[in-house]
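Engineer:
Protein chains: 2
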Amino acid sequence: MRRFTRNFFLGKVGIGSEHPISVQSMCNTKTADTASTLKQICTLAEHGCDIIRVSADSPEDCQALGGICRRSPIPVIADIQFSGESALGAIRSGVAGIRVNPGIISDPDLIGSIAAAAKAAGTVIRVGANAGSLKPHEVNSRIQMGMEKDDALADALCGAVLKQCAELEKHGVTNIKAALKSSNIQVTLQAYRKFAAITDYPLHLGLTEAGTPRTGEIKSAVCIGTLLNAGIGDTVRVSLTADPVQEVDAALKILEACGMRHNQVEIISCPTCGRTEIDLIGLAEKVENMVKQIQRAGQNICWRKIAVMGCPVNGPGEARDADIGIAGSRNGQLIIFRKGEVIGAYSETEGFERFSRMISE
Amino acid sequence: MRRFTRNFFLGKVGIGSEHPISVQSMCNTKTADTASTLKQICTLAEHGCDIIRVSADSPEDCQALGGICRRSPIPVIADIQFSGESALGAIRSGVAGIRVNPGIISDPDLIGSIAAAAKAAGTVIRVGANAGSLKPHEVNSRIQMGMEKDDALADALCGAVLKQCAELEKHGVTNIKAALKSSNIQVTLQAYRKFAAITDYPLHLGLTEAGTPRTGEIKSAVCIGTLLNAGIGDTVRVSLTADPVQEVDAALKILEACGMRHNQVEIISCPTCGRTEIDLIGLAEKVENMVKQIQRAGQNICWRKIAVMGCPVNGPGEARDADIGIAGSRNGQLIIFRKGEVIGAYSETEGFERFSRMISE
Numbered sequence: 001m002r003r004f005t006r007n008f009f010l011g012k013v014g015i016g017s018e019h020p021i022s023v024q025s026m027c028n029t030k031t032a033d034t035a036s037t038l039k040q041i042c043t044l045a046e047h048g049c050d051i052i053r054v055s056a057d058s059p060e061d062c063q064a065l066g067g068i069c070r071r072s073p074i075p076v077i078a079d080i081q082f083s084g085e086s087a088l089g090a091i092r093s094g095v096a097g098i099r100v101n102p103g104i105i106s107d108p109d110l111i112g113s114i115a116a117a118a119k120a121a122g123t124v125i126r127v128g129a130n131a132g133s134l135k136p137h138e139v140n141s142r143i144q145m146g147m148e149k150d151d152a153l154a155d156a157l158c159g160a161v162l163k164q165c166a167e168l169e170k171h172g173v174t175n176i177k178a179a180l181k182s183s184n185i186q187v188t189l190q191a192y193r194k195f196a197a198i199t200d201y202p203l204h205l206g207l208t209e210a211g212t213p214r215t216g217e218i219k220s221a222v223c224i225g226t227l228l229n230a231g232i233g234d235t236v237r238v239s240l241t242a243d244p245v246q247e248v249d250a251a252l253k254i255l256e257a258c259g260m261r262h263n264q265v266e267i268i269s270c271p272t273c274g275r276t277e278i279d280l281i282g283l284a285e286k287v288e289n290m291v292k293q294i295q296r297a298g299q300n301i302c303w304r305k306i307a308v309m310g311c312p313v314n315g316p317g318e319a320r321d322a323d324i325g326i327a328g329s330r331n332g333q334l335i336i337f338r339k340g341e342v343i344g345a346y347s348e349t350e351g352f353e354r355f356s357r358m359i360s361e
Numbered sequence: 001m002r003r004f005t006r007n008f009f010l011g012k013v014g015i016g017s018e019h020p021i022s023v024q025s026m027c028n029t030k031t032a033d034t035a036s037t038l039k040q041i042c043t044l045a046e047h048g049c050d051i052i053r054v055s056a057d058s059p060e061d062c063q064a065l066g067g068i069c070r071r072s073p074i075p076v077i078a079d080i081q082f083s084g085e086s087a088l089g090a091i092r093s094g095v096a097g098i099r100v101n102p103g104i105i106s107d108p109d110l111i112g113s114i115a116a117a118a119k120a121a122g123t124v125i126r127v128g129a130n131a132g133s134l135k136p137h138e139v140n141s142r143i144q145m146g147m148e149k150d151d152a153l154a155d156a157l158c159g160a161v162l163k164q165c166a167e168l169e170k171h172g173v174t175n176i177k178a179a180l181k182s183s184n185i186q187v188t189l190q191a192y193r194k195f196a197a198i199t200d201y202p203l204h205l206g207l208t209e210a211g212t213p214r215t216g217e218i219k220s221a222v223c224i225g226t227l228l229n230a231g232i233g234d235t236v237r238v239s240l241t242a243d244p245v246q247e248v249d250a251a252l253k254i255l256e257a258c259g260m261r262h263n264q265v266e267i268i269s270c271p272t273c274g275r276t277e278i279d280l281i282g283l284a285e286k287v288e289n290m291v292k293q294i295q296r297a298g299q300n301i302c303w304r305k306i307a308v309m310g311c312p313v314n315g316p317g318e319a320r321d322a323d324i325g326i327a328g329s330r331n332g333q334l335i336i337f338r339k340g341e342v343i344g345a346y347s348e349t350e351g352f353e354r355f356s357r358m359i360s361e
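What follows is the structure, given as structure tokens:
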């Protein structure tokens, strides 16, 4: 069951426990380059991105934001690091949200003027802390009183975010979401669990500096998946050192794995083993590509769960709950089955052709 | 904290809460082809596989098992599906363990003779159930009394495994581990959590039919990572429709993400964003490949955590706990830093060369 949170809208996207969990990514274009930024936003939106973040460091970035926000198909968040001026400029440009890092902007007067502007404009604020930008004394004071380093980091992340949220609330800002990221998964888990237990702020989940695609996806899936499976998390960003399209794809796959998105066709396929008498890896990839092509062409697939199995032990047997499936058999033949019932056994070529037709019909 | 379990040895590998979590994979060679099977086992062992499973379906497979077990560098488990004879043959051949599927072999007399042989030979037995091979009445009877389908599947998995464990215990077999797999992650999580709460059997974690590499790795990481982060799990197999080497690699990455393996160098790298002025994706991949090459050459790397960052906000700033790091800077320069202290700023070529020397020294 999802954790209860307050709810609000970021542009057209609902944030909080009454709404579906949304997927975010971040542009790697120069924000001031409006055309490239909008092009990347559109590509990401097509791939399933619900909310986009862009960096806002300079007056040029802020100037470009107005046009980007007006033409973007999805809500835009400005990522603020050092410049309070950029925060105010971004809010004036009409962004749906801004992200501030409490480890970097913490001056109460500056927070006060950002809060006043955000309240007046209805801008959502994410208080997004990073273990790496905590102030040394925030961590050391906790270690000195006897905390282990990881516990001190998690606790200091909570402390830094709570403090900034309180500052914003003092100025009447309530549309706040929070993130407590670290590149250490155990620290991240502990920080989110602690913060989730004591507040009702919606949570933006993520692991920072996760790395290159394979490693980064596995680390993010472990971290974000563990939290989502505990009901924690309202919006997700997978950070990868890769094309942002891969971030969106990985986030969607994690949400599906946690049973929180069901709008894609699921393909199950068994590992190969000594019983496999067909090129199962090749067959699974062929089926996966076929499904992707049909979906990209905007066509519907009427099967929810498609099985690609190496041998009759696995298919139809273990894959009997698949809506449709194909499995290797003796002598390189292929069996097609529907809901556990074998329809027929065919030669490899004929079997795949029949199966393709059934999938795309 | 890990869940308490009984402990025993599978060949030389300790299984249970007193021992490290081990990594398994399964050969996709014909077991009867001793040379190919041993070659694959050696490759997998080199990549970090602790325990290997091979299918044992025919008398020829069982005959080959003796030689495979004697020459394998890691303990061998025979995977039994339909044939009780193969179970007995495999035990006679000296395998360290066998896996039986309670959905397929359930006849009490046959279980009795397998148990007697295993007890005499000291063979470990994994009771490995699969949602797909549950008997229809085991699920339907639970649905008829009002359970939701997923709950019924999870409960029936527990029931089937408990029943077979009790049968084995009756014959004096106590070195039992269990698996309760499904291709549905939520069913798998529920089954393992339930079973973990009521028994002290070590658990073999896995998700069946996870699929092709990217999707399968993300699904497995969500499922196995969620359980490991709850202290559940003693041995892990990632099932992928791919070369088994990738299964081992993914399993190791999941264990590292859960803080349960620390013997590898960790590379953190930030996602690209509008602040990045260097080819960060290329740089991160270059560093990753360099580390891999050094490790494959059997050389040690004295840095535990290496950071590759896009801009000075992230490195050294957010990556200050990295032992060594490289980050992009203005005008395409590279900064090198150690434990948060900047050593210097260099041109791209010189920076990477210096960094390479520092890594490999």
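Chains as they are written, first to last, in my numbering: chain A, 1 to 361; chain B, 1 to 361. The C-beta atom is built at its ideal place from N, Cα and C for all residues, glycine as well. Values in this document were obtained by computation on a predicted structure and should not be read as measured data.
At a CB-CB cut-off below 7 Å, which residues of chain A make contact with B:S93?
Structural biologist: Within the second sequence, numbered from 1, the residue matching residue 93 of chain B stands at position 93. Those within 7 Å of B:S93 in chain A number zero; the least Cβ separation is about 15 Å.
Engineer: Classify B:L203 as helix, strand or coil using the three-state DSSP reduction.
Structural biologist: Mapped onto the second sequence, residue 203 of chain B falls at position 203. Correct three-state label for B:L203: strand.
Engineer: Apart from the five residues just before and just after B:A117, which ones in its own chain have a Cβ nearer than 7 Å to its Cβ?
Structural biologist: As a working note, residue 117 of chain B is residue 117 in the second sequence. Closer than 7 Å at Cβ, skipping near neighbours: L88 and I91.
Engineer: Given a cut-off of 8 Å, decide if A:R237 and A:Q24 are closer than it, judged by their beta-carbon atoms.
Structural biologist: The residue labelled residue 24 of chain A in the question sits at position 24 within the first sequence. The residue labelled residue 237 of chain A in the question sits at position 237 within the first sequence. Result yes, Cβ atoms of A:Q24 and A:R237 sit closer than 8 Å.
Engineer: Given a cut-off of 8 Å, decide if B:I254 and B:A221 are closer than it, judged by their beta-carbon atoms.
Structural biologist: On the second sequence, position 221 is the one that residue 221 of chain B refers to. On the second sequence, position 254 is the one that residue 254 of chain B refers to. Yes. Within cutoff.
Engineer: Using a 10 Å radius around the Cβ and a threshold of 16 neighbouring Cβ atoms, would you call A:N130 buried or exposed?
Structural biologist: The count along the first sequence starts at 1 and reaches residue 130 of chain A at position 130. Counting Cβ neighbours within 10 Å, A:N130 comes out buried, since at least 16 surround it.
Engineer: Is it the case that the Cβ atoms of A:I278 and B:A242 are separated by a distance below 8 Å?
Structural biologist: Taking the first sequence and counting its residues from 1, one reaches residue 278 of chain A at position 278. Taking the second sequence and counting its residues from 1, one reaches residue 242 of chain B at position 242. Going by C-beta atoms, A:I278 is not nearer than 8 Å to B:A242.
Engineer: Confirm, please, whether the CB-CB distance from B:I41 to B:S72 is below 8 Å.
Structural biologist: Position 72 of the second sequence, counted from the first residue, corresponds to residue 72 of chain B. Position 41 of the second sequence, counted from the first residue, corresponds to residue 41 of chain B. Taking 8 Å as the Cβ cut-off, B:S72 and B:I41 qualify as a contacting pair.
Engineer: Given a threshold of 16 other Cβ atoms within 10 Å of its Cβ, counted over all protein chains shown, does A:N331 qualify as buried or as exposed?
Structural biologist: By one-based count along the first sequence, residue 331 of chain A stands at place 331. That one is exposed.
Engineer: Under 8 Å, do B:A160 and B:P75 count as touching if we go by C-beta distance?
Structural biologist: Here the question's residue 160 of chain B lines up with position 160 in the second sequence. Here the question's residue 75 of chain B lines up with position 75 in the second sequence. Their beta carbons are not under 8 Å apart, which means B:A160 does not touch B:P75 by this criterion.
Engineer: Mind checking whether B:V100 and B:L153 have CB atoms under 8 Å apart?
Structural biologist: Reading the second sequence from its first residue, position 100 is the one you call residue 100 of chain B. Reading the second sequence from its first residue, position 153 is the one you call residue 153 of chain B. Result no, Cβ atoms of B:V100 and B:L153 do not sit closer than 8 Å.
Engineer: From the DSSP secondary-structure annotation, give me the bridge partner or partners of A:V100.
Structural biologist: Against the first sequence, residue 100 of chain A aligns to sequence position 100. According to DSSP, which records beta bridges pairwise, A:V100 is partnered with A:V127.
Engineer: Residue range of the alpha helix (DSSP H) that B:R70 falls in?
Structural biologist: Taking the second sequence and counting its residues from 1, the one referred to as residue 70 of chain B is at position 70. Here the alpha helix (DSSP H) through B:R70 covers P59 to R71.
Engineer: Could you pull out every residue in the same chain whose Cβ sits closer than 8 Å to the Cβ of B:K286, ignoring the five residues on either side in sequence?
Structural biologist: Mapped onto the second sequence, residue 286 of chain B falls at position 286. If we look at B:K286 and ignore the five residues flanking it on each side, its Cβ neighbours are F352.
Engineer: Between B:G132 and B:I185, what straight-line distance do the alpha-carbon atoms span, to the nearest angstrom?
Structural biologist: Start at 1 with the first residue of the second sequence, and residue 132 of chain B comes out as number 132. Start at 1 with the first residue of the second sequence, and residue 185 of chain B comes out as number 185. If you take the alpha carbons of B:G132 and B:I185, they lie about 13 Å apart.
Engineer: Nearest CA to the CA of B:S36: which residue from B:G67, B:G48 and B:G14?
Structural biologist: Looking up residue 36 of chain B in the second sequence gives position 36. Nearest option by C-alpha distance: B:G67.
Engineer: Verify whether the separation of the beta carbon atoms of A:L207 and A:K181 is less than 8 Å.
Structural biologist: Numbered from 1 along the first sequence, position 207 holds the residue referred to as residue 207 of chain A. Numbered from 1 along the first sequence, position 181 holds the residue referred to as residue 181 of chain A. Against a cut-off of 8 Å, the Cβ pair of A:K181 and A:L207 comes out as a contact.
Engineer: Just to confirm before moving on: does the CB-CB distance between B:H204 and B:A179 stay below 8 Å?
Structural biologist: Position 204 of the second sequence, counting from 1, holds the residue named residue 204 of chain B. Position 179 of the second sequence, counting from 1, holds the residue named residue 179 of chain B. Taking 8 Å as the Cβ cut-off, B:H204 and B:A179 qualify as a contacting pair.
Engineer: Answer yes or no: does any C-beta atom of chain B fall closer than 8 Å to that of A:C42?
Structural biologist: Indexing the first sequence from 1 puts residue 42 of chain A at position 42. False, the Cβ-Cβ gap to chain B never drops below 8 Å.
Engineer: Kindly give me the distance between the Cβ atoms of B:S86 and B:A56, rounded to whole angstroms, as I take these residues to be in contact under 8 Å.
Structural biologist: As a working note, residue 86 of chain B is residue 86 in the second sequence. As a working note, residue 56 of chain B is residue 56 in the second sequence. Indeed, because the Cβ distance is near 5 Å, the residues count as touching under 8 Å.
Engineer: Can you give me the Cβ contacts of B:T226 inside the same chain, cut-off strictly under 7 Å, excluding the 5 residues immediately before and after it?
Structural biologist: Residue numbering aside, residue 226 of chain B sits at position 226 when the second sequence is read from its first letter. Contacts found: L189.
Engineer: Which class does B:E169 belong to by DSSP, given the choice of helix, strand or coil?
Structural biologist: For this step, residue 169 of chain B is matched to residue 169 along the second sequence. Reduced to three states, the DSSP call for B:E169 is helix.
Engineer: With DSSP collapsed to three states, give me the class of A:R330.
Structural biologist: Locating residue 330 of chain A in the first sequence gives position 330, counting from the first residue. Of the three classes helix, strand and coil, the one that applies to A:R330 here is helix, per DSSP.
Engineer: Can you pull the chain A residues whose beta carbon is under 8 Å from the beta carbon of B:K292, in chain order?
Structural biologist: For this step, residue 292 of chain B is matched to residue 292 along the second sequence. Within chain A, no residue comes near B:K292; the closest Cβ sits about 11 Å away, beyond 8 Å.
Engineer: B:L65 to B:R6, Cα distance in whole Å?
Structural biologist: Counted from its first residue, the second sequence places residue 65 of chain B at position 65. Counted from its first residue, the second sequence places residue 6 of chain B at position 6. C-alpha separation (whole angstroms): 28 Å.
Engineer: How many angstroms separate the CA atom of A:E350 from the CA atom of A:A322?
Structural biologist: Position 350 of the first sequence, counted from the first residue, corresponds to residue 350 of chain A. Position 322 of the first sequence, counted from the first residue, corresponds to residue 322 of chain A. Computed Cα separation, rounded: 21 Å.
Engineer: Smallest Cα separation from B:E341: which of B:P316, B:N140 and B:Q246?
Structural biologist: Position 341 of the second sequence, counted from the first residue, corresponds to residue 341 of chain B. Of the candidates B:P316, B:N140 and B:Q246, the one whose C-alpha sits nearest the C-alpha of B:E341 is B:P316.
Engineer: For A:F337, which residues does DSSP report across the bridge?
Structural biologist: Here the question's residue 337 of chain A lines up with position 337 in the first sequence. DSSP output for A:F337 lists A:G325 and A:V342 as bridge partner(s).
Engineer: Would you say A:P271 lies against chain B (beta-carbon separation less than 8 Å)?
Structural biologist: To locate residue 271 of chain A, count along the first sequence from 1; it is residue 271. At least one chain B Cβ lies under 8 Å of A:P271.
Engineer: Is the Cβ-Cβ distance between B:A250 and B:L240 less than 8 Å?
Structural biologist: As a first step, residue 250 of chain B must be located in the second sequence, where it is residue number 250. As a first step, residue 240 of chain B must be located in the second sequence, where it is residue number 240. It is a contact, given that the beta carbons lie within the stated cut-off.
Engineer: Return the chain-ordered list of same chain residues with a C-beta closer than 7 Å to the C-beta of B:V248, the five sequence neighbours on each side being excluded.
Structural biologist: Translated into the one-based positions of the second sequence, residue 248 of chain B becomes position 248. These residues qualify, in order along the chain: V23, S25, L44, H47, G48 and C49.
Engineer: For a test of the three-state rule: what should DSSP assign to A:V291, helix, strand or coil?
Structural biologist: Residue mapping note: residue 291 of chain A aligns to position 291 of the first sequence, counting from 1. Here A:V291 sits in helix by DSSP.
Engineer: Name the residue from A:A345, A:C270 and A:F9 whose alpha carbon lies nearest to the alpha carbon of B:E217.
Structural biologist: The count along the second sequence starts at 1 and reaches residue 217 of chain B at position 217. Among A:A345, A:C270 and A:F9, the Cα nearest to that of B:E217 is on A:C270.
Engineer: Between B:I111 and B:I104, how many whole angstroms is the CB-CB distance? I'm expecting something under 8 Å.
Structural biologist: Taking the first residue of the second sequence as 1, we reach residue 111 of chain B at position 111. Taking the first residue of the second sequence as 1, we reach residue 104 of chain B at position 104. So it is not a contact: roughly 11 Å between Cβ atoms.
Engineer: Just list the residues that DSSP pairs B:A78 with in beta bridges.
Structural biologist: The sequence position of residue 78 of chain B within the second sequence is 78, counting from 1. For B:A78, which the question treats as bridged, DSSP gives the partners B:V54 and B:I98.
Engineer: For B:T212, does the three-state DSSP call read helix, strand or coil?
Structural biologist: Residue 212 of chain B sits at position 212 when you count from the first residue of the second sequence. Reduced to three states, the DSSP call for B:T212 is coil.
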